[in-house]
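Under the working numbering, the first residue of the sequence shown carries the number 14, and numbering increases by one thereafter. Following: one structure in structure tokens, then a few remarks.
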Amino acid sequence: MSEQTNPAADQYSGVVIEDLHKSFGDNEVLKGISITVNPGEVVCLIGASGSGKSTLLRCVNRLEDPDSGQVDVGDFDATDVDVNLDAMRRRIGMVFQQFNLFPHLSVLENCTITPRRVLRQSRQQAEAEAKHQLKLVGLEELADRRPAQLSGGQQQRVAIARALTMKPELMLFDEPTSALDPETVGDVLSIMRDLAEAGMTMLVVTHEMGFAREVADRVVFLDGGVVVEEGPAAELIGDPQKPRTQDFLRRVLNPLSS
């Protein structure tokens, strides 16, 4: 997938999250999160279930409305009530745990519907770009199949290709391998690795510590809605400084000894 490039990377100004708070009823999920993602940087969010990782990601794309704080995505203030969400989201690709493909559409149609409706591309233009992205994820031969005819790993690769047809400047991944069989995880991680090498700005919620150590520029450990520790990937995973981070990584990396 070495052909994949990020043409907007030079002017993209990253993501800045400042003092972000979010509650669901009496449950305060985010308790003043501040994180910066620089242009071309890969930042992985790690932590136990319920630590706020996915909620944080959804606030960046305004799929959830924060209670307070600020999120700047490039030159958009995502927390401004008057922000043009459609324009902002055109710059962001998001891949979820579940694949969210339209079951009644073919792979090719799943990848062309948004460029045609949102970017007003012609069918020919949208299909050409979709076929290019499907080729990069190794699925060009399956363009006419329906999602139900694909494995979970193949469906997730289609979801990534679909996101890339919009030429995003930022990719958000919410545990993209958590619903996959172990044998198919590597295919998806390989595509994400290629995107990182091509300079795509990425904010990734993941439980794949090997991927985080190898690909991420920085890792942020969240626990109980706060940032406990962050730092270069190899340092944080290999030599965490905070006791809570040490305990979490010991359990994740050596589950039989916990």
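Where a beta carbon is used, it is the ideal one built from N, C-alpha and C, also for glycine. Computed from a prediction, not measured in an experiment: that's the story for all the values here.
Inset, instruction - Give me the Cα-Cα distance between Ser203 and Ser81, rounded to the nearest whole angstrom. - result: As a first step, residue 203 is located in the sequence shown; it is residue number 190 there, counting from the start. As a first step, residue 81 is located in the sequence shown; it is residue number 68 there, counting from the start. Taking the straight line from one Cα to the other gives about 36 Å.
Inset, instruction - In angstroms with no decimal places, state the Cα-to-Cα distance between Asp230 and Ile105. - result: The residue you call residue 230 lines up with position 217 of the sequence shown. The residue you call residue 105 lines up with position 92 of the sequence shown. Between Asp230 and Ile105, the C-alpha separation is close to 20 Å.
Inset, instruction - Say whether the region 66-85 touches the region 27-36, bearing in mind that this needs 3 or more beta-carbon pairs closer than 8 Å, one atom from each stretch. - result: yes
Inset, instruction - Please classify Pro116: is it buried, with 16 or more other beta-carbons within 10 angstroms of its beta-carbon, or exposed? - result: For the purposes of this step, residue 116 is taken as the residue at position 103 of the sequence shown. It counts as exposed.
Legend entry - Closest residue to Leu193 among Gly165, Gly212, Met213 (Cα-Cα distance): Mapped onto the sequence shown, residue 193 falls at position 180. Taking only the C-alpha atoms, the option nearest Leu193 is Gly165.
Legend entry - Phe234 - DSSP class collapsed to helix/strand/coil: For the purposes of this step, residue 234 is identified with residue 221 of the sequence shown, where counting begins at 1. Phe234: strand per DSSP, three-state reduction.
Inset, instruction - Jot down the residue ranges of each uninterrupted alpha helix (DSSP H) in the region 49-127, minimum 4 residues, whole runs only, in chain order. - result: 66-73, 98-102
Legend entry - Bridge partners - Ile30, DSSP secondary structure assignment: In the sequence shown, the residue the question calls residue 30 occupies position 17. Ile30 pairs with Ile48, Val84.
Inset, instruction - Whole angstroms is fine: what's the gap from Glu140's alpha carbon to Gln162's? - result: Walking along the sequence shown from the start, residue 140 turns up at place 127. Walking along the sequence shown from the start, residue 162 turns up at place 149. The alpha-carbon atoms of Glu140 and Gln162 are separated by roughly 20 Å.
Inset, instruction - Output yes or no for whether 9 Å exceeds the beta carbon distance between Ser219 and Leu58. - result: Reading the sequence shown from its first residue, position 206 is the one you call residue 219. Reading the sequence shown from its first residue, position 45 is the one you call residue 58. A small fix is needed here, since residue 219 is Thr in this sequence, not Ser. Cβ distance < 9 Å, so Thr219 and Leu58 count as in contact.
Inset, instruction - Can you tell me which of the three DSSP states Met205 falls into? - result: Taking the sequence shown and counting its residues from 1, the one referred to as residue 205 is at position 192. DSSP places Met205 in helix when its eight states are reduced to three.
Legend entry - Beta-carbon gap between Gln146 and Leu185 smaller than 9 Å: For this step, residue 146 is matched to residue 133 along the sequence shown. For this step, residue 185 is matched to residue 172 along the sequence shown. No; because the gap between Cβ atoms is not below 9 Å, this pair is not in contact.
Legend entry - C-beta atoms of Pro181 and Arg130 nearer than 9 Å: Locating residue 181 in the sequence shown gives position 168, counting from the first residue. Locating residue 130 in the sequence shown gives position 117, counting from the first residue. Contact flag unset, no.
Legend entry - Spatial distance of Leu155 from Asp207 (CA atoms): Locating residue 155 in the sequence shown gives position 142, counting from the first residue. Locating residue 207 in the sequence shown gives position 194, counting from the first residue. Near 21 Å, if we compare the C-alpha coordinates of Asp207 and Leu155.
Inset, instruction - Taking Gln134 and Pro128 to be in contact with their CB atoms under 8 Å, please state how far apart those CB atoms are, rounded to whole angstroms. - result: Mapped onto the sequence shown, residue 134 falls at position 121. Mapped onto the sequence shown, residue 128 falls at position 115. About 5 Å; that satisfies the 8 Å criterion.
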